[in-house]
Amino acid sequence: CPSYEYVTVEKRGEGSCVGLVTLNRPKALNALCDGLMKEVEAAMLTLDKDPGVAAIILTGSEKAFAAGADIKEMQNKDFVDCYMGNFLEGWDGVTKCKKPVIAAVNGYALGGGCELAMMCDIILAGEKARFGQPEIALGTIPGAGGTQRLTRAVGKSRAMQMCVTGDPINAQQAKDWGLATSVHPPDQLVAEAVKLGERIGQHSKLVVAICKESVNNAQELSLHEGLHVEKRLFYTTFATVSIFSIRTLFTSFGQKNNSI
Ligand code: CO8
109 CPSYEYVTVE
119 KRGEGSCVGL
129 VTLNRPKALN
139 ALCDGLMKEV
149 EAAMLTLDKD
159 PGVAAIILTG
169 SEKAFAAGAD
179 IKEMQNKDFV
189 DCYMGNFLEG
199 WDGVTKCKKP
209 VIAAVNGYAL
219 GGGCELAMMC
229 DIILAGEKAR
239 FGQPEIALGT
249 IPGAGGTQRL
259 TRAVGKSRAM
269 QMCVTGDPIN
279 AQQAKDWGLA
289 TSVHPPDQLV
299 AEAVKLGERI
309 GQHSKLVVAI
319 CKESVNNAQE
329 LSLHEGLHVE
339 KRLFYTTFAT
349 VSIFSIRTLF
359 TSFGQKNNSI
């Protein structure tokens, strides 16, 4: 792996099949500066291309997943800087991964930190996690999905309340509201995410990627279009090695082939 300043990259789990990207800017509570976001994209896409990796985890520290966009980097920008400089352009690298991305969120996930977690496919929360969109208190609004992905995840009334008050929710609320799938003790969170990644790794990488594409279409397409594309993607799986190996499994108890 290339060397990074703001993230660390490892492989964990059985057969090193789970990529782990850890935000590592502790003095600023993993505030998302431009350099960090570029490294997140590079690290995620490197793991996404690694044929041995089945799923990727994005995590931070026990105190902070990420405390938002870097306020110091943002504070002197004016409208022209933002508009002409395409501020936040390219900060959505996580969404370009074909493999499932699991956010393991301990501590603060605020502003851009909450938005970054929501760019992932599955969120697991540590017991002390706090999810919030506090931009309103800074005189701005969420700019990387906080009004959009959050609304799709928790519904309009809850998202509206979070965005217009700026008040965070805790891990249990995040789970109850469907933002996170489960809550774990902080020191076990990454291990739980690795287990989930290993579980995903028991299936065909190709079919998992197709499945992820189809689930994500539900966020983008009408039901009619989504069902149509789902059916087409379903048909494509009948052209894969995986389905042939399942046929073998049913006929001669052969091993399921998850290497493709
Ligand atoms: N930016 C820059 N530095 C930060 C940030 C931040 N967002 N958050 C914390 N820090 C720094 C502090 O300045 C401090 O540094 P120093 O010691 O040099 O002064 C260090 O981290 C520790 O912070 P605190 O002393 O404040 O730690 P506390 O434990 O007392 O408080 C909090 C923790 C509550 C998280 C507090 O730090 C805080 O409120 N931070 C700001 C949270 C916030 O408002 N975030 C939203 C930012 S706006 C935004 O994210 C716009 C979205 C843009 C899209 C991004 C797309 C991915």
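Position one of the sequence shown corresponds to residue 109 (full-length UniProt numbering), numbered consecutively onward.
Every residue gets a Cβ at the ideal spot worked out from N, C-alpha and C, and that includes glycine.
query, result
"Test: isoleucine 164 CB closer than 8 Å to a CB of chain C", "Of the protein chains in the structure, only one exists, and it is not chain C."
"Lysine 207 to threonine 154 span [Cα, whole Å]", "11 Å"
"Start-to-end residues for the beta strand (DSSP E) that takes in lysine 283", "Taken as a continuous stretch (DSSP letters only), lysine 283 belongs to no beta strand (DSSP E), being part of the alpha helix (DSSP H) at 279 to 284."
"Where leucine 153 falls: helix, strand or coil (DSSP)", "helix"
"Leucine 137 CB to nearest heavy atom of the ligand FMN below 7 Å", "Absence of the ligand FMN is noted for the structure shown, with the ligand CO8 being the only ligands found."
"Close Cβ partners of glycine 274 (< 6 Å) along its chain, the five nearest in sequence each way excluded", "Pro242, Ile244 and Ala245"
"Beta-bridge partners of lysine 185, as assigned by DSSP", "DSSP lists no partner for lysine 185."
"7 Å Cβ shell around arginine 120 - same chain, five flanking residues per side excluded", "Val126, Leu128 and Val302"
"Reduced DSSP category for leucine 329 - H, G, I as helix; E, B as strand; rest coil", "coil"
"Alpha helix (DSSP H) segment containing valine 298, residue limits", "297 to 308"
"Closer than 7 Å: isoleucine 179 CB and nearest the ligand CO8 heavy atom", "yes"
"Cβ-heavy atom distance, leucine 131 to the ligand CO8, below 7 Å", "no"
"Tyrosine 112 CB to nearest heavy atom of the ligand CO8 below 7 Å", "no"
"Outcome for cysteine 228 when other beta-carbon atoms lying within 10 angstroms are tallied against a minimum of 16", "buried"
"Short Cβ contact (8 Å threshold) for asparagine 214 with glycine 176", "no"
"Closest residue to phenylalanine 173 among Ala162, Ala212 and Gly198 (Cα-Cα distance)", "Ala212"
"Where threonine 130 falls, given that 16 or more other Cβ within 10 Å makes a residue buried", "buried"
"Endpoints, the alpha helix (DSSP H) within which serine 265 is located", "264 to 273"
"Any non-hydrogen atom of the ligand CO8 closer than 7 Å to proline 208 Cβ", "no"
"CA-to-CA distance, tyrosine 216 to arginine 257, given in whole angstroms", "18 Å"
"Where threonine 345 sits in the DSSP three-state scheme", "helix"
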